[in-house]
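The listed protein sequences derive, respectively, from chains A and B. Throughout the first sequence, residue numbering follows this note's numbering, covering 25 to 426 in sequence. Throughout the second sequence, residue numbering follows this note's numbering, covering 53 to 241 in sequence. A virtual CB, placed ideally from N, CA and C, is assigned to each residue, including glycine.
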Amino acid sequence: MQKKGYIFPAVLMATLAIGLFIVTLSQLQKSTKAQFKHLNEYQRAFNIACSALVEALADLQTKQWNNRSFKNSPVVYTKEIYGGQFNLKAENHSVENVFNVVIRVKYSEKYFLFYWRLKYVPDLIDFTTLTIPLYHTQFPGAKGDSSDFDGLNAKADKDLEKASENYIKVHKIAEIVNNKDSLNEVLQTLGVKLPGLPELSDNRPPIVTGLPPFENLKPRDLPDIISQTKGISKPSLKEVIEKFRLPEIYPPTKVPDIREILTIPLTRFELAVYVVRLLEIPEISDLPAIENFNDITPTEEPIQKTFNTAVSSAFENGLVQGWKNTFFGKEVMVREHMAILLRNVITYIDNFSPNAATTEQLNKFQRIRSWAGSKIPEYEKINPTSGLSVGDGLEMLLELSM
Amino acid sequence: MQLIYNKPEYRQNVGFTLVEILFTTILVALLGTSIFTLSSGANKTQIKATEDLQMQANILTGQNELLRNIRESRNIVVPRPGENSPILCMIDKTNDFRVFLPIKDEPLSQKMGYPVYKLALCNQEMKTFNIDNPAFDKSKLKTIFTNLKKINFWLTNPNTITVTAFFGAQQREFQIIFDGALMNAGEHE
């Protein structure tokens, strides 16, 4: 007779356990998604309120002030848009040409209240703007479910009265603050120079043109769309890492994902490896760098050995000279020194015998030369003493390794 | 009548053979290992996801609060047009000063190993403010962001401020950029 045993129940229980585990994970993911959705409710509610306000202002545009829909009595209506609902009330204010718009938005079972007091100012020069805002306030979250519209008018009156009282004093102080020569003085004048502030310059902050830089965070893999628009197939970061054998200096045991070190400073040793491998300079076994640089000593440690070889190759080909017989390999590569290195790269390319290279290599050298020429002024003029990051070095390889 | 049933035979089958025990043990071990691996991987992912979620919550809540303050303000005093400043100083709807400034978070900085700031809001009321002896009650500081590495306020035009902020968490970094426009820029009555 066949023995039944416990194999089938064991398999059944295990399958059940895995099933339950997967169900739990998917529930967890659902709850995470719900929390993200919840966080953006204010922005969505604000979009709905602005759309509702545009409707109220469009009414003024089409009918003009004398025929406005709320001329004789307040206009109240409810409408559903963008997955939410708004309840709008437009009414005259006691002052001539002034009116109030209150918009209560219901989104995801939550209420948000937006209040505008506006002045009708017909302007023949700019007929697209018929109103100016006198007062605007918002009540997000729980306070938004207030239905006491009259209470809002009273609050607006009170705030505007306070604004009137403060008007002269605040503008006088604003003028003083605005003319201060540094942010330290600004904070001192306002009595808020608190402990723990970051170090502030003695001068005013720099004027920025264009988008402010996103410092300390370097781009990750170049998006495909860039290569598609340019019609050039750029390699991925992974391909570049493999092509330049970078795991030799960033061993996977220490750096599992190279993208996590993009923001750390780039040392002169690392850059020597990048440049020698970019220019496909043979890595020599006898190490002249050891004789010429006091801070480079023979070693069997694999990473340092790679560095020593790269520095020797770079030194032999006139790419690096060091300073007073010292290479300073562990120092961070600063931008002005990078400019010097790029000048040496251009000289190396100009002296390269075309007979010794393939057409592909010559084309690549041409690209590197042109890139280096365009980068030198940038490195020399913009923040010349600031350091480069590993991300900057890899970006160079990504750009030039095609 | 004698009831005959195969009790002796049944008793013989109560135990397990060595093969059964070995097979079940191996199977259970295999399943256990795979569940443990899955569970440990999921646990790591969950920790990372939780940290991401907390940072997202910190960033989005702070962003909403900052945007609401900008929208309700009347004027921007610092930065001047074009300046890229770590401090934002505005005149609010009641013509009081609102100053947003980063203040070092000492315990978190020690934990992270690099300087981390809180973005604090100081509301300086004009009614009680004395420019000859300016003072601020620190208990009135309000935290807008935590885990802040750097923040810049850039006045792109007199009514619009562009905010770029960088945040550091245990395992990754976050950055945001957004614009906020004054909605109280008209004259008061």
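- Of all residues in the stretch 132–156 of chain B, only R132, G134, E135, N136, S137, P138, I139, C141, I143, K145, T146, N147, D148, F149, V151, L153, P154, I155, K156 come within less than 8 Å of chain A when Cβ atoms are compared, listed by chain position.
- Only residues of its own chain outside the window of five on either side were considered, and among them N332, S336 have a CB closer than 6 Å to the CB of L311/A, listed in chain order.
- DSSP places R141/A within a strand segment (E or B) once states are collapsed to three.
- Put simply, the backbone Cα of K170/B is about 33 Å away from that of I127/A.
- With a threshold of 9 Å between beta carbons, M235/B makes contact with chain A.
- Contact of S91/B with chain A by beta-carbon distance below 9 Å involves F45.
- Closest by C-alpha distance to P33/A, out of L74/B, T69/B, V80/B, is V80/B.
- In the three-state reduction of the DSSP assignment, M142/B falls in the strand class.
- In summary, N96/A is exposed, with fewer than 16 beta-carbon neighbours lying within 10 Å of its beta-carbon over all protein chains present.
- Under DSSP, the beta-bridge partners assigned to N136/B are W206/B.
- Going by DSSP, P326/A is part of the alpha helix (DSSP H) stretching over 326–340.
- In the structure shown, S377/A adopts coil according to DSSP, grouped into three states.
- At a beta-carbon threshold of 8 Å, the residues of chain A lying near K190/B are L218, ordered along the chain.
- Here DSSP, grouped into helix, strand and coil, assigns S161/B to helix.
- When 9 Å is used as the limit between beta carbons, V358/A is near no residue of chain B, the shortest such separation being about 20 Å.
- Burial of D183/A is indicated by the presence of at least 16 other C-beta atoms within 10 angstroms of its C-beta.
- Distance from the CA atom of F173/A to the CA atom of L173/B, rounded to whole angstroms, is 29 Å.
- Ranking P289/A, K143/A, A38/A, G175/A by CA distance to the CA of W89/A puts K143/A first.
- Between the stretch 206–217 of chain A and the stretch 180–196 of chain B, the count of Cβ pairs shorter than 8 Å is three or higher; the stretches touch.
- Taking every protein chain shown into account, the CB of P146/A has fewer than 16 other CB atoms within 10 angstroms, so this residue is exposed.
- Nearest Cα to L140/B within the set S86/B, E72/B, T216/B, P167/B: T216/B.
- Minimum Cα-Cα distance from M362/A among the listed residues F376/A, S377/A, S413/A corresponds to S413/A.
- Taking a contact as a CB-CB distance under 8 Å, the pair N116/A and F94/A counts as one, their CB atoms being some 6 Å apart.
- Contact check for L211/A and L234/B: beta-carbon distance about 22 Å, past the 8 Å limit, so the pair fails to qualify.
- By the CB criterion at 9 Å, Q162/A and Y131/A fall outside the cutoff.
- In terms of Cα proximity to N121/B, the closest of N175/B, N136/B, N110/B is N175/B.
- Within chain B, the residues placing a beta-carbon under 7 Å from that of I42/A are I87, ordered along the chain.
- Residue burial annotation: K348/A is exposed, with fewer than 16 other C-beta atoms found within 10 angstroms of its C-beta.
- Here P138/B is buried: its Cβ has 16 or more other Cβ atoms, across all protein chains shown, within 10 Å.
- The way I'd put it, the stretch 401–416 of chain A does touch the stretch 357–371 of chain A; three or more beta-carbon pairs between them come closer than 8 Å.
- The Cβ-Cβ distance between F45/A and S91/B falls below 9 Å.
- Taking the C-beta atoms as reference points, W395/A is found no nearer than 9 Å to L418/A.
- The DSSP-derived three-state label of N208/A is helix.
- For the stretch 166–177 of chain B, the beta-carbon criterion of a distance under 9 Å to any beta-carbon of chain A is satisfied by P167, Y169, K170, A172, C174, Q176, E177.
- Against chain B, the beta carbon of N64/A has neighbours under 8 Å at L112, listed in chain order.
- T89/B and A334/A have their C-alpha atoms spaced approximately 42 Å apart.
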